[in-house]
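Chains as they are written, first to last, in our numbering: chain A, 1 to 285; chain B, 1001 to 1351.
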Amino acid sequence: MSSARADTTPWLLAAPGALLFTALVVVPLALTLMLSFHVYDAATGVKDAYTLAHYTAILSDSYFLNIFWRTLRLAALTTLICAAIGAPEAYILSRMREPWRSVFLLAIIGPLLVSVVVRTFGWSMLLGPAGLVNEAFRALGLGTVKILYTETAVVIALVHVMLPFMVIPVWTSLQKLDPMVEAAAWTLGASRFTALRRVVMPQVTMGLLSGSLVVFGLSASAFAIPALLGGRRLKMAATLVYDEYMHELNWPLGAAIAILVLVINLVIMLAYQRVVEARAKRTLG
Amino acid sequence: MGFLTLDGLTRLYGDVAAVSDVNLSVAKGEFISLLGPSGCGKTTTLQMIAGLVEPTSGRITLDGRDITHEKPDRRGLGIVFQSYALFPHMTVAQNVSFGLEMRKVSRPEREVRVKQALALVQLSSLADRYPRQLSGGQRQRVAVARALVIDPPVLLLDEPLSNLDAKLREEMQFELRGIQQRVGTTTIMVTHDQSEALSMSDRVVVMEQGRIMQVDAPYRLYESPATPFISSFVGKMNRLSGVWRHGGVEIGGRVLACEGAGFSDGAAAVLAIRPEKINLTAPGAGVLDGRVKGRFFLGSAWFFTVETPAGLIGVSLPNSGEEPAREGDQIGLDWSRASARAAEPDGVQPA
């Protein structure tokens, strides 16, 4: 009796979470996957027949491939910039004293507290032809620069909102680092820069890795920022899916794009995780 | 002129002096301990020598060179940190090799010197392990090897034994001292453990509230502590207050003979005597009678607390293999006149 209970208890405890996950993630995903194989007819809509046509259409059309490529490129660029800015920022933050640390931490997390639509419109006002940035350029005699509705605008806004996802994990791994370890490197003859590169950096690899994964994943699936700052012509994966669903009404094609994006994202992230984490695990334990 | 000298070294944090006016001259090859309770400024002093804390005023010279404002990476001192501060992502050999790499030592020479350093601390077989795979004592030895491999003019040890368990701490005391004597490196160790300081050092520097109170060889420090604080911080000390009269300290109408130059009859005085300088005798046969209040067995010794008319007195007896007096027994306490000395009540030892 008691052993039977011991067997079922873990299942019962896991059940609520499993049910929620099934209902909210697995079922919609399965439905999307099934939908992506349905035949679509522009006149009559979704039919009950199955086909691989959507996938072959996407993979053979340079229009879609270009958008996929742009999505990955911008997500990777955002991740790179976030790492380049976020890691030093986290290091400086970890060396700050109260109350400055709290103030700056709030400034970094700030973007997350503002609605994505409001924040993005804020950027479009700043970056537009009559925005503050271009006014400044004109005042300096640099002329008007087209920023809004370019990839630059999308990357700027993505970096802005993704930075906390990079800073916080790096900061956390810095917190775990004995500050005397860096001092030990100095006393052994390492300059400040060498100590950072040889001693501090290797130990924040894990933080940098997990931050990169989150930033890359969120950037690659971002919707509001490319929709509002990329304009109608500059599409990314999420805006493309939206268009297929809402404008073309070709739901199966949209579903196929969504599934492909998911698979590509998953493959890239898992591969990345395996490579870097294996290295970090071996040395950090 | 010493090999390493501290001249009026002071460090203020706001208005509070963590270290004030520390003067010290360390000879080449000497093993010096900075001893004191936590917050006495000993670690700050060490960090100023290491270059990790900037002195507010004062001068540090090493072999005649002023290093007061030199960056830590230019001083070339070897430091063993309290937490050992090993590089967790490097193997033992890589940890030890790091300082040599920074000095641009060629790879073949580096390998030879790393091997020698690891042999010195008896860790040759663990060269490829990572710090997390080592025990506390092994980590400590890696830290020592890493600090010594660069042939530092001065080795600084910051509470090197405080993270080890009692048994290991005792072993490492002798081992560290042995390594230091073999290598001959001038060494400064910070510790709050008086037995460590006494057993390892050539000279002990006692610090209290940022100031140096006494600098002496361990034996002299123990036998003639300069202040009551030192007398009770270094070893145990019975302190019985009374009045100086007839060449002794009078307490409760009884004169207890002791050393004490410069006291005039009737002056307030404190009789100071170490617990191990007192013998137990039959009642009436000693200087003072009393009743055993508590008895503690310490393995190599017995420790008694004895209630006497002069106050509670601690007595330490070596364990001779027989069971001594029990709690509640009436006993006598005896000591030689030379082993007890009179001190002024405010604590200042007469000159």
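Yeah, the Cβ is synthetic: ideal placement off N, Cα and C, and Gly gets one too.
If you're wondering where the values come from, they're calculated on a predicted model, not measured in any experiment.
Could you tell me the distance, in whole angstroms, from the CA atom of residue i to the CA atom of residue j?
i: A224(A); j: A136(A); result: 27 Å
i: S1038(B); j: T1010(B); result: 18 Å
i: A1217(B); j: A1267(B); result: 31 Å
i: F1262(B); j: I1278(B); result: Sequence check: residue 1262(B) is Gly here, not Phe. Computed Cα separation, rounded: 25 Å.
i: V117(A); j: I92(A); result: 30 Å
i: L140(A); j: I147(A); result: 17 Å
i: Q1133(B); j: M1090(B); result: 12 Å
i: V1204(B); j: A1027(B); result: 13 Å
i: L31(A); j: T22(A); result: 12 Å
i: A153(A); j: V133(A); result: 12 Å
i: G1314(B); j: I168(A); result: 57 Å
i: P1350(B); j: L1024(B); result: Because the pLDDT of P1350(B) is 42, which lies under 50, any placement of that residue in the model is unreliable, and the question is left without a value.
i: V199(A); j: L1006(B); result: 31 Å
i: G1041(B); j: S1057(B); result: 15 Å
i: M1189(B); j: P1228(B); result: 23 Å
i: A76(A); j: A222(A); result: 13 Å
i: V1080(B); j: I109(A); result: 39 Å
i: S1300(B); j: E1276(B); result: 12 Å
i: A1197(B); j: W11(A); result: 59 Å
i: E1070(B); j: A1050(B); result: 10 Å
i: D1151(B); j: L270(A); result: 47 Å
i: L188(A); j: M180(A); result: 12 Å
i: F193(A); j: Q1094(B); result: 19 Å
i: D1073(B); j: A237(A); result: 51 Å
i: V1144(B); j: G1064(B); result: 26 Å
Along chain B, in chain order, which residues have C-beta atoms closer than 7 Å to that of residue i?
i: Q203(A); result: P1088 and H1089
i: S191(A); result: D1073
i: V199(A); result: F1087
i: M180(A); result: F1081, S1083 and A1085
On the CB-based measure, 16 or more other CB atoms within 10 Å of its CB, does residue i come out buried or exposed?
i: F1296(B); result: exposed
i: W1335(B); result: buried
i: L52(A); result: exposed
i: Q1173(B); result: buried
i: K235(A); result: buried
i: M1207(B); result: buried
i: D1158(B); result: buried
i: R1110(B); result: buried
i: N66(A); result: exposed
i: V1348(B); result: Bear in mind that the predicted position of V1348(B) carries a pLDDT of just 47, short of 50, making it too unreliable to give a figure here.
i: M34(A); result: exposed
Note down, in chain order, each residue of its chain lying with its Cβ closer than 8 Å to the Cβ of residue i, except the 5 sequence neighbours on either side.
i: Y40(A); result: V46, K47, H54, N250, W251, P252 and L253
i: L72(A); result: A220, I264 and I268
i: L1312(B); result: K1293, T1305 and V1306
i: V161(A); result: P111, L112, V116, R119 and I225
i: G231(A); result: L148 and Y149
i: P129(A); result: T144, K146 and L148
Leaving out five residues before and five after residue i in sequence, what residues of the same chain have Cβ atoms less than 7 Å from its Cβ?
i: G1242(B); result: V1249, E1250, I1251, A1269 and L1271
i: A256(A); result: S36, H54, Y55 and I58
To which residues does DSSP link residue i through a beta bridge?
i: W1302(B); result: F1297(B) and L1317(B)
i: H1192(B); result: Answer by DSSP bridge pairing: none, since H1192(B) is not bridged.
i: I1212(B); result: M1207(B)
i: I1032(B); result: I1188(B) and R1203(B)
i: V1112(B); result: DSSP lists no partner for V1112(B).
i: E1250(B); result: V1243(B) and V1255(B)
i: L1352(B); result: No statement about residue 1352(B) is possible, as the shown extent of chain B runs from 1001 to 1351 and does not include it.
i: D1015(B); result: According to DSSP, D1015(B) bridges with nothing at all.
i: T1392(B); result: An answer regarding residue 1392(B) cannot be provided, because it is not within the stretch 1001 to 1351 covered by chain B.
i: T150(A); result: T150(A) is not bridged to any residue.
i: D1334(B); result: N1279(B)
i: V133(A); result: According to DSSP, V133(A) bridges with nothing at all.
i: N1238(B); result: I1273(B)
i: G45(A); result: D41(A)
List the residues of chain A whose Cβ lies closer than 8 Å to the Cβ of residue i, in chain order.
i: A945(B); result: The structure shown does not extend to residue 945(B), since chain B is modelled only from 1001 through 1351, so no value can be given for it.
i: S1135(B); result: Here the premise fails: no neighbours, minimum Cβ distance about 15 Å.
i: L1052(B); result: A183, W186 and T187
i: G1099(B); result: L188 and G189
i: L1077(B); result: T187
i: I1150(B); result: L188 and G189
Does the beta-carbon of residue i, which I'm using as the reference point, lie nearer than 6 Å to any heavy atom of the ligand MN?
i: F223(A); result: Absent from the structure shown: the ligand MN. Ligands present: none.
Report the neighbours of residue i on chain A: residues whose CB is nearer than 7 Å to its CB, in chain order.
i: R1103(B); result: G189
Which chain A residues sit within Cβ distance under 9 Å of residue i?
i: G1014(B); result: Per Cβ cutoff of 9 Å: no residues; G1014(B) is ~13 Å from chain A at best.
I'd like the list of long-range same chain contacts for residue i, defined as Cβ closer than 6 Å, with 5 residues on each side in sequence excluded.
i: A195(A); result: E182, A185 and W186
i: L1126(B); result: V1092
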